[in-house]
């Protein structure tokens, strides 16, 4: 599966952005899709995840501000980000996990930069 992330950019504090992650094939076979983010010299952190049965979980600092969703018709996952803060500045990556038997196959998209300016 190839993933293409997009939607990053420069936004002011309090603004909104919507990130997209387009998959090269049907996401019906994907067990979980996630957004991660990374800033220089820090580990990549999980921001939000959605499973095939629709369960979601979020990083505490983004709860109530970010919403993860997916559109099966478009084979695309989204991250709606609102009330953005400077600390949300990072490169955001999308990830897809497919479980086949006892194997987990993980796919990463390229990053998209989000910059929140004060």
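In my numbering, the protein residues as written are 3 to 120. Beta carbons: idealized from backbone N, C-alpha and C, even for Gly. No experiment lies behind these values; they were computed from the predicted model shown.
| Check | Outcome |
| --- | --- |
| As assigned by DSSP and simplified to three states, the class of residue 70 | strand |
| Close beta carbons around residue 64, own chain, < 8 angstroms, minus the five adjacent residues each side | 49, 50, 83 and 90 |
| Cβ-based neighbour list, residue 58, same chain, cut-off 6 angstroms, excluding 5 preceding and 5 following | 52 and 70 |
| Span of the beta strand (DSSP E), counted from its first residue to its last, around residue 105 | 105-110 |
| Proximity of residue 4 and residue 31 at Cβ, strictly below 8 angstroms | no |
| Beta-carbon proximity check, residue 94 vs residue 7, cutoff 8 angstroms | yes |
| Nearest candidate by alpha-carbon position, reference residue 22, set 44, 42 and 73 | 73 |
| Counterpart residues of residue 97 in DSSP-defined beta bridges | 36 and 110 |
| Pairwise C-alpha distance: residue 75 and residue 111 | 19 angstroms |
| Residue from 103, 92 and 100 with nearest C-alpha to residue 45 | 92 |
| For residue 97, the nearest candidate out of 10, 24 and 61 (CA to CA) | 24 |
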